[in-house]
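Number of protein chains: 2
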Amino acid sequence: MPDLQNWLETNLLKLNLAEEMDYEQGFSRLSYTKEEKQSHHVFQSIAQDLGLEVKADQAGNQWATWHVDDQAPTVAVGSHVDTVKNGGGYDGVAGVLTGLAAIKALKDQNIKPVKNISIICFASEESARFGVSTIGSKAISGLLDKEDIASVKDTDGITIKEAIEDFGLSWETIDQAEVPESKLESFLELHIEQGTQIETNDADIGIVRGVACPIRLQVTATGMANHTGTTPMTRRSDAFTAIAPLITFVEEQANLLNSEQDIPLVATVSTVSLEPNVMNVIPGEVTLGIDIRSVADSLKKELADRIQAYCHKIEEKRSVDIHIHTLVDNPSVFLDPKVVEKLTKVTEKINYKPFHMDSGAGHDVMNMANKWSTGLLFIPCEQGISHHPKEFASINDLAKGTQVIAEYLKEETGEDL
Amino acid sequence: MPDLQNWLETNLLKLNLAEEMDYEQGFSRLSYTKEEKQSHHVFQSIAQDLGLEVKADQAGNQWATWHVDDQAPTVAVGSHVDTVKNGGGYDGVAGVLTGLAAIKALKDQNIKPVKNISIICFASEESARFGVSTIGSKAISGLLDKEDIASVKDTDGITIKEAIEDFGLSWETIDQAEVPESKLESFLELHIEQGTQIETNDADIGIVRGVACPIRLQVTATGMANHTGTTPMTRRSDAFTAIAPLITFVEEQANLLNSEQDIPLVATVSTVSLEPNVMNVIPGEVTLGIDIRSVADSLKKELADRIQAYCHKIEEKRSVDIHIHTLVDNPSVFLDPKVVEKLTKVTEKINYKPFHMDSGAGHDVMNMANKWSTGLLFIPCEQGISHHPKEFASINDLAKGTQVIAEYLKEETGEDL
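In order, the protein sequences belong to chains D and L.
The first sequence begins at 9 in the numbering used here and counts up one residue at a time.
The second sequence begins at 9 in the numbering used here and counts up one residue at a time.
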């Protein structure tokens, strides 16, 4: 496999617009920025070198297709190349890269598929810029609610609509990227695990059964801003000291729920904004963002309920008003058991050990699962670190993932099926 | 006094660049911005109408002088007109306005002072923009450490040096605003109380003995950023959940210290910054800003020590590193007891009830006290609310303050002294 490994190594750097993978600041290719576009251009160029037809749709998704027959169905594989701020170079890229590499492997083996194969590079998977994730795959799956997100802004005050127009697309036509159900037969995504279960279970490849979609809450506590030096401790309505115990509570309750039953739940107070956030003014308003995930939707709901009850208690004890806004509440997504079975079979066939698991992170495949038969493969990443400059997956694991995809595509698009 | 009250009402609006005082968003005239400059222009115009000579110094302070004799000493009065973001229209303005109004009162009474009188409108008192306060009065008093602040930036990335140059000043010469000790005889500031002690004690005017200067700490906890969905609760180094109990601890310990002895102490966790502060990433780094004040310097030190010890405990229990940086540690300032006595005498002479107190907030007078004999007067403000759009002082209380200043100036600059 040295040829495949070299190819992966070279094109991993290219898709990351990088000379090496080890940057202290990591990679920043936020949604619908020129950095994401540059990486899309690299995708186009690699795909064209493999002899694929490349086109972009109205949402900025890139489709690279091995087109064999107008009448034949299309089997799709893909992921994304955008990143969080100071993120890693594998989240997303791994799936796009191994998809393209699998095409190379099939071509090197002189395989002649009887179905079309598309490698999709989805636009704007990460929510880091606008708080809205998987925009490209939502558009393809017909799940994009334009009205709902039009006025969402990034931290520079640029709306998602403006960003999309700056990207060279038209806001008016973005939802025309929707693909009819009949056009695709199935969709497969490969992603880094962003956890350590594959390694812990001494396996090679993770085969995902369910994706834990989040409940996201925005909790706003409103007290009264006042001068820090002249307002006695007894006459304050400090929104920050009032809400601070909730940060501890969320962690405690997540740990408690995990100790009480077997299905894992994770919960994080991941964002905060303080008004006015200056040294000599008591915080008058605090907003916390809370992210809760589990494949068991009832567990997420249970924690959200406990958070609400705890906020009521705070309101009773302290002179603050608390408002909870549910930003996101998506039920968990389950992948097609038949695809899970097929992936298991091909993984074992080429002598790798599969591990069946759930995903704590959302991916483009969640949207695709709404319309098509789908599968999700994980490859290990070091220490489970992700969304961080230290994110790392080995070329060896990328090659294993490529082999599984190639083998799967052979089975799915070969003549004997 | 209807004439004085009308004058105060009219010029209060003018200095606030406003048609009315009741704006939901309050007033925003941050340090060294065009809004501060506009208000300085109004100050110049009012002073000139009163027949005063107006000049600006190298730090942007405005000096309006009733010049009677080159050989005579100068008695000064003043405050500032800059504000915090969405602040009130009385913090600072009250002192500048009543200083000018006192000149009007003396002139209306045909008083002929034998000393010069200057009303100073100090530049950039508030720390809201750069985290550095009382820049103008520091320059006058020779306390400005240019090296120390040159690279400080506002939230738009503009350095204090750039802001000062944009304001029309030269960074090179800003410290030449220093005034020799011999040039001034004394300095008096009037300010709104920003508390409720005058009212609680059924008095008219607060006469301040000491100013509680802050200790300000910057506490940074460093953990490890990671994906919120895929990192089990047991494998996290969440900097926010690690440091959150400190927010509660600071409030608890301030209350405890207040219950143990009589000198008040206040402490506030007033700022927070989270990295990366996005919904799907566990906080990797949190920085809290803590403001501690008391006229008893040993009490401030005691709380700072307890905070440090508590942070060590957190480090022992959680996988985070905590670094504490002392931003500010200024000893409390005591005003001239002779001036306190003179202010008490004149207040009682015109049949107002004085109340002797300490100040929890820093003011320009702190710097002036370093070099000259100084006094600080407070007038009541509604519910003690300050640094907030609802900040309010009555015209009646502004008029009382004006009368006390005028009476003091008569005594200090009259022939019989």
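Every residue, glycine too, gets a C-beta built ideally from N, C-alpha and C.
**OP:** Whole angstroms is fine: what's the gap from Lys123/D's alpha carbon to Glu419/D's?
**Re:** 11 Å
**OP:** Determine the DSSP secondary structure at Pro362/D, reduced to helix, strand or coil.
**Re:** strand
Original post:
Beta-carbon of Val187/D versus every beta-carbon of chain L: anything under 8 Å?
Top reply: no
Original post:
Which stretch, first to last residue, makes up the alpha helix (DSSP H) that contains Asn19/D?
Top reply: Pro10 to Leu23
Subject >> Cβ-based neighbour list, Glu293/D, same chain, cut-off 6 Å, excluding 5 preceding and 5 following >> reply: Thr230, Ala247 and Glu283
Subject >> Thr238/L (DSSP reduced to helix, strand or coil) >> reply: coil
Subject >> Close beta carbons around Gly214/D, own chain, < 6 Å, minus the five adjacent residues each side >> reply: Cβ neighbours of Gly214/D beyond the five flanking positions: Glu201, Ile206, Phe363, Met365 and Phe386.
Original post:
Out of curiosity, what's the CA-to-CA distance linking Ala110/D and Lys120/D?
Top reply: 13 Å
Original post:
For the candidate residues Leu417/D, Asp405/D and Gly422/D, whose alpha-carbon lies nearest to that of Leu20/D?
Top reply: Asp405/D
**OP:** Run the CB neighbour count on Leu425/D, radius 10 Å, all protein chains shown included, and call it buried at 16 or more, exposed below.
**Re:** Low confidence applies here, because Leu425/D scores a pLDDT of 42, under 50, leaving its location unreliable and the question unanswered by this model.
Original post:
DSSP state of Lys169/D, grouped into three classes?
Top reply: helix
Original post:
Can you tell me where the alpha helix (DSSP H) with Lys146/L in it begins and where it stops?
Top reply: Ile143 to Ser149
**OP:** Flag Met365/D as yes if its beta-carbon sits less than 8 Å from any beta-carbon of chain L, otherwise no.
**Re:** Not one chain L Cβ lies under 8 Å of Met365/D.
Original post:
Does the beta-carbon of His75/D have 16 or more other beta-carbons within 10 angstroms, so that it is buried, or is it exposed?
Top reply: exposed
**OP:** Kindly list the residues whose CB is nearer than 7 Å to the CB of Glu27/D, restricted to its own chain and excluding five residues on each side of it in sequence; keep chain order.
**Re:** Closer than 7 Å at Cβ, skipping near neighbours: Leu21.
**OP:** State the start and end residues of the unbroken beta strand (DSSP E) segment that holds Asp77/L.
**Re:** It is not in any beta strand (DSSP E) - Asp77/L carries neither H nor E in the DSSP assignment.
Subject >> Alpha-carbon to alpha-carbon, Ala312/L and Cys319/L >> reply: 11 Å
Original post:
Between which two residues does the beta strand (DSSP E) containing Val160/L stretch?
Top reply: According to the DSSP assignment, Val160/L belongs to no beta strand (DSSP E), since it is labelled neither H nor E.
Original post:
How is the alpha helix (DSSP H) around Ile315/D delimited, first residue to last?
Top reply: Asp305 to Lys325
Original post:
What is the C-beta distance between Met287/L and Gly218/D, in whole angstroms, given that I count them as a contact (C-beta under 8 Å)?
Top reply: In fact, because the Cβ distance is near 21 Å, the residues do not count as touching under 8 Å.
Original post:
Asp299/L by DSSP, collapsed to three states: which one?
Top reply: strand
**OP:** Find out if the Cβ-Cβ distance for the pair Ile403/D, Gln56/D is shorter than 8 Å.
**Re:** no
**OP:** Report yes or no: do the stretch 231-250 of chain L and the stretch 266-278 of chain D share at least 3 C-beta pairs separated by less than 8 Å?
**Re:** yes
**OP:** Kindly indicate which three-state DSSP category Pro345/L falls into: helix, strand or coil?
**Re:** helix
Subject >> Spatial neighbours of Met374/L in its chain, beta-carbon cut-off 6 Å, leaving aside the 5 residues before and after >> reply: Val219 and Val341
Original post:
Taking only runs of the alpha helix (DSSP H) that begin and end inside the stretch 230-275 of chain D, which ones reach a length of at least 4 residues, in chain order?
Top reply: 247-268
Original post:
Roughly how many angstroms lie between the CA atoms of Lys154/L and Asp183/L, to the nearest whole one?
Top reply: Distance from the CA atom of Lys154/L to the CA atom of Asp183/L, rounded to whole angstroms, is 8 Å.
**OP:** Report the rounded CA-to-CA distance for Ser302/D versus Asp99/D, giving the unit in angstroms.
**Re:** Their Cα atoms are separated by approximately 20 Å.
**OP:** Could you work out which residue in Phe257/L, Asn69/L, Lys408/L and His333/L is closest to Lys357/L when comparing CA atoms only?
**Re:** Lys408/L
Original post:
Going along the chain, which residues of its own chain have a beta-carbon closer than 7 Å to the beta-carbon of Arg326/L, five neighbours each way excluded?
Top reply: Hits under 7 Å: Ala250.
Subject >> Three CB pairs or more closer than 8 Å across the stretch 192-201 of chain D and the stretch 376-383 of chain D >> reply: yes
Subject >> Backbone CA spacing between Lys398/L and Gly150/D [nearest angstrom] >> reply: 48 Å
Original post:
Asp153/L lies in the alpha helix (DSSP H); which residues open and close that run?
Top reply: Asp153/L -> no alpha helix (DSSP H), and no H or E assigned at all.
Subject >> Under 7 Å from the C-beta of Leu282/D: neighbouring residues of chain L >> reply: Thr279 and Val280
Original post:
According to DSSP, what are the bridge partners of Thr70/D?
Top reply: Strictly speaking, residue 70/D in this sequence is Gln, with Thr absent from that position. Ala64/D and Cys129/D, per the DSSP bridge assignment.
Original post:
Which residues, in chain order, does the stretch 296-314 of chain L contribute to contact with chain D at a C-beta distance below 8 Å?
Top reply: Gly297, Asp299 and Arg301
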